[in-house]
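Residue numbers (this note's numbering): 678 to 809.
Some notes on the structure that comes next.
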């Protein structure tokens with residue numbers, strides 16, 4: 678019996694306000710809420726683009742002290758238009774830390790950086806052209 682190759686299914690990040698984060702990742706970034714879990718110590722919402730490359734938004738409900746702000750985490754997204762994405766984030770009132778412009782050392786790919794509602798760094802790379 679052939680075994681499927683191993684792969685990373687999702688990355689989880691702690692969020693201070695689940696409703697605000699779900700709104701941001703779905704409305705602004707265009708992801709879909711795929712699953713919701715209510716565990717005895719946390720709530721989780723899995724968001725993804727077309728069921729791929731999921732981010733698990735996690736909010737602890739057990740009363741423990743958690744640091745949700747400005748953690749050293751970067752989520753990298755391949756998008757067709759990094760400038761349009763950073764414009765949407767700016768319109769949502771969030772911080773753009775690097776305007777979407779070409780980076781010569783990356784072959785001229787357009788890259789923009791922003792922060793989500795909890796200060797996680799979001800990198801938007803121009804998606805490579807489809808292979809023919």
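Don't be surprised by glycine CBs; every beta carbon is placed ideally from N, CA and C.
Residue i to residue j span [Cα, whole Å]
i, j, result
"residue 695", "residue 757", "27 Å"
"residue 737", "residue 699", "15 Å"
"residue 792", "residue 706", "12 Å"
"residue 739", "residue 745", "15 Å"
"residue 718", "residue 767", "33 Å"
"residue 683", "residue 714", "24 Å"
"residue 688", "residue 789", "21 Å"
"residue 752", "residue 679", "32 Å"
"residue 817", "residue 803", "For residue 817 there is no data in the structure shown, the boundaries of the chain being 678 and 809."
"residue 786", "residue 720", "37 Å"
"residue 685", "residue 730", "8 Å"
Anticipated Cβ contact below 8 Å, residue i with residue j, distance rounded
i, j, result
"residue 801", "residue 759", "4 Å"
Secondary structure of residue i, DSSP reduced to three states
i, result
"residue 772", "coil"
"residue 762", "helix"
"residue 737", "strand"
"residue 695", "helix"
"residue 783", "helix"
"residue 700", "helix"
"residue 788", "strand"
"residue 743", "coil"
"residue 663", "Any question about residue 663 goes unanswered here, given that the chain covers just 678 to 809."
Residue i, buried or exposed, once every other Cβ within 10 Å from all chains shown has been counted against 16
i, result
"residue 747", "exposed"
"residue 716", "exposed"
"residue 794", "buried"
"residue 761", "exposed"
Minimum Cβ-Cβ distance from residue i to chain B less than 8 Å
i, result
"residue 692", "Considering every chain present, this structure includes no chain B. It has just one protein chain."
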